Amino acid sequence: MSAAPFDPHRPVAHLRPPRNWINDPNGLVHHDGQYHVCYQYNPDGTDHANMHWGHFRSPDLLSWEPLPIALAPAPGGEDADGCFSGNAVSDGDRIVAFYSAYRSDRWSQPVTTAESHDGGQTFRPRGDLLIPQPPDGCTMYRDPYVWRDGARWRMLVGAALTDGRGAALLYESPDLETWTYRGPFCAGEPEPVGGTGLLTGEGWECPQYLPAASGRGALIISAWDDRDGPQCVAALVGAERGAVFEAGPPVLLDHGPDCYAPALLRAPGGRWLLWGWSWEARDAAWAAAGGWAGVLTLPREISLSDDGSLRQQPAAELPALRGERTVHAAGWIHGPEPVELGGVGRAFDLTARLEPAGQAGLRLLTTADGSEYLDIRVDPAAGELVVDRARASLDPRARGGAYRMPCPGGEPVDLRVVVDHSIAEIFLSTTGQVLTLRCYPTGDGPWRLQARSAPGARLGYTIDAWELLPIVIKEPSADAADPEGQFA
Ligand code: FRU
């Protein structure tokens with residue numbers, strides 16, 4: 022791969038191709054010992070257009086091999102204007118990808134398929150539509166998600182209904198080929214997601230389903246409005262009753278502003294992995310100047326716990342990306358004088374135990390004079406963890422704002438924070454909740470961490486931070502492996 026000029030905002034431990042636009046993770050499947058991760062990809066630019074499926078695979082979630090583009094629009098065909106989102110299943114020696122066939126002259130994006138018999142090196146599209154017509158009463162229809170359920174296969178398709186409800190529509194098949202429509206698996210009018218002010222949306226994009234024991238499960242939907250576009254990602258925990266999913270109240274899957282269209286991968290041993298799309302939170306022209314836009318989140322393990330909460334943590338493999346330990350600090354502070362914890366690079370993985378009395382937390386400073394910083398602070402009285410990027414970039418083209426996730430007061434707060442150039446993922450290990458956001462520091466650094474407490478507050482802390490090493494992107498072994506020259 023030719024050396025690209027240094028870009029201070031390009032993540033190194035998060036998946037994306039060298040150039041151009043990406044959005045949703047697609048076609049996530051474990052097949053023949055490899056994790057496959059495809060993604061919505063425009064090979065020609067940094068805007069959302071001309072969607073293909075780019076493709077990586079990995080045996081271990083740490084080193085990734087770019088494979089040829091998996092799906093490309095067929096001129097004049099059913100997907101002439103884009104291969105939109107979907108997933109894939111492993112069935113014997115084949116991978117079957119299910120995706121949304123986009124044509125700009127059609128309001129729905131019906132389901133079609135493509136198959137690989139060579140471990141994902143090549144996919145043969147079926148050409149026609151698998152499910153040509155949406156059921157009556159839809160105004161939006163796309164994003165199939167297929168999973169094996171005992172002897173049968175089931176499929177959800179995201180929809181908006183004419184009666185104002187968003188829906189995940191259910192189909193069933195004995196053989197992946199003949200599908201019978203069973204009705205809405207789950208549907209609902211836009212309703213508030215917790216106390217966030219966000220709504221579940223008039224359409225549900227990219228429905229994903231995590232089945233658990235005894236008919237329990239979690240339905241993950243990306244809430245979308247025709248007028249305002251993507252809103253948030255909601256998780257509905259509930260139970261199956263035949264062909265219907267009885268859902269509990271919606272909760273946020275990610276408490277940050279920059280994670281959308283997450284997708285699930287059923288890994289061996291009963292483990293579920295999830296990747297999301299983290300979009301740019303900056304002016305589009307700025308991203309275009311850098312030649313790339315969008316990144317996938319870290320792979321996360323997600324599970325449904327007995328108390329009904331969905332818990333996420335970085336995949337167990339990721340500590341292998343830890344390099345040198347740069348911070349190793351423990352102590353306490355009392356009052357307004359911050360404590361310097363040490364320098365960190367532009368990519369680091371941190372664990373912290375915080376024991377605050379009053380508002381206190383960590384500050385990542387990215388300019389020498391302290392004028393630019395990202396704050397992560399606990400507000401025990403409000404029962405919140407606040408991640409504040411209002412001062413995280415001195416460049417006005419970067420979005421600001423403060424974001425919150427619930428954080429029980431009166432007990433130690435265990436955090437795992439992974440920062441990779443322009444993406445920060447903050448895991449509250451005590452609750453399994455996560456907050457993803459993008460930030461674009463302008464400072465030359467060196468970046469450094471401080472522990473801080475508000476006047477009158479106290480903070481006990483134990484903090485370790487390690488350099489976060491880049492994931493390995495293997496050289497395509499021959500031109501045949503990168504016929505489009507995407508990784509050249
Ligand atoms: C979600 C989404 C999907 C669609 C795809 C198109 O971000 O809008 O609903 O299939 O992106 O790129």
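Per our numbering, the sequence shown starts with residue 22, numbered consecutively. By construction, the Cβ of each residue, glycine as well, lies at the ideal position given by its N, Cα and C atoms. The structure presented is a predicted model; accordingly, all values stated were derived computationally and were not measured.
**Asked** Between the C-alpha atoms of residue 427 and residue 405, what's the straight-line distance to the nearest angstrom?
**Response** 5 angstroms
key: In DSSP terms, what residue 471 is bridged to   = 361 and 384
Quiz item: Comparing the CB of residue 292 with every heavy atom of the ligand FRU, is any distance shorter than 6 angstroms?
Solution: no
In three-state terms, what does DSSP make of residue 309?
helix
- [ ] Leaving out five residues on either side along the sequence, give the residues of the same chain with a beta carbon under 8 angstroms from the beta carbon of residue 495.
- [x] 84, 85, 86 and 87
Quick one: is the Cβ of residue 161 within less than 6 angstroms of any heavy atom of the ligand GDP?
The ligand GDP is not among the ligands present in this structure, which contains only the ligand FRU.
*What separation, rounded to the nearest whole angstrom, lies between the Cα atoms of residue 96 and residue 144?*
16 angstroms
Original post:
Can you tell which of 444, 267 and 268 has the C-alpha that lies nearest to the C-alpha of residue 315?
Top reply: 444
Checklist line | residue 266: CB within 6 angstroms of a non-hydrogen atom of the ligand FRU | finding: no
Q: Assign residue 171 to one of three DSSP states: helix, strand, or coil.
A: coil
query = By Cβ distance below 6 angstroms, which residues in the same chain neighbour residue 511 in space, the five residues on each side in sequence not counted?
reply = The structure shown does not extend to residue 511, since the chain is modelled only from 22 through 509, so no value can be given for it.
For this session: Provide the residue(s) that pair with residue 86 in DSSP beta bridges, ordered along the chain.
Result: 78
Review point. Which residues in the same chain have their Cβ closer than 6 angstroms to the Cβ of residue 277, if we skip the five residues on either side of it in sequence?
Key: 424, 456, 457 and 458
Straight-line gap, residue 22 to residue 36 (C-alpha atoms, nearest Å) = At residue 22, the pLDDT of 48 sits below 50, so the modelled position is not reliable; the number obtained from the coordinates is stated separately. Rounded to the nearest angstrom, the two C-alpha atoms are 16 angstroms apart.
Checklist entry - Taking DSSP as the reference, what is the three-state secondary structure of residue 259? => result strand
- prompt: Under the three-state reduction of DSSP, which class applies to residue 235: helix, strand or coil?
  reply: helix
Note to self: What does the alpha-carbon distance come out to for the pair residue 163 and residue 222?
What the structure shows: 15 angstroms
- Which value, in whole angstroms, describes the spacing of the CA atoms of residue 205 and residue 188? 6 angstroms
**Request:** Using only the heavy atoms of the ligand FRU, determine whether one of them is closer than 6 angstroms to the beta carbon of residue 105.
**Result:** yes
Is it the case that the CB of residue 252 approaches a heavy atom of the ligand FRU more closely than 6 angstroms? no
Practice problem: Counting only the same chain and skipping the five closest in sequence on each side, list residues whose C-beta sits under 6 angstroms from that of residue 395. | Solution: 385, 410, 413 and 460
Straight-line Cα distance separating residue 369 from residue 76: 26 angstroms
Going by the beta-carbon positions, is the gap between residue 178 and residue 195 smaller than 7 angstroms?
-> no
Assuming contact is defined by CB atoms lying nearer than 7 angstroms, are residue 351 and residue 451 in contact in what I supplied?
no
Open item on the list: Under 6 angstroms: does the beta carbon of residue 229 sit that close to some heavy atom of the ligand FRU?
Closed with: no
Point to revise | 7 angstroms CB neighbourhood of residue 186 in its chain, flanking five on each side removed | key: 208, 209 and 210
- request: Have a look at residue 169 and residue 419 and give me their C-alpha separation to the nearest angstrom.
  value: 42 angstroms
Note to self: Please tell me whether, using a cut-off of 6 angstroms, the distance from the CB of residue 275 to the nearest non-hydrogen atom of the ligand FRU is below it.
What the structure shows: no
Q. Heavy atom of the ligand FRU less than 6 angstroms from the Cβ of residue 368, yes or no?
A. no
| Can you find a heavy atom of the ligand FRU that lies under 6 angstroms from the Cβ of residue 226? | yes
- Message: Assess contact between the region 470-488 and the region 364-380, defined as three or more Cβ pairs (one per stretch) separated by less than 8 angstroms. Is contact present?
- Response: yes
*Tell me whether residue 328 is buried or exposed, calling it buried when 16 or more other Cβ atoms sit within 10 Å of its Cβ.*
exposed
Going by the CB atoms, is the gap between residue 214 and residue 273 shorter than 7 angstroms? yes
The beta strand (DSSP E) enclosing residue 345, as first and last residue numbers
343-355
To the nearest whole angstrom, what separates the beta carbons of residue 81 and residue 338, a pair I think is in contact under 8 angstroms? 6 angstroms
- Query: Just to confirm, are residue 464 and residue 361 a CB contact at a threshold of 7 angstroms?
  - Reply: no
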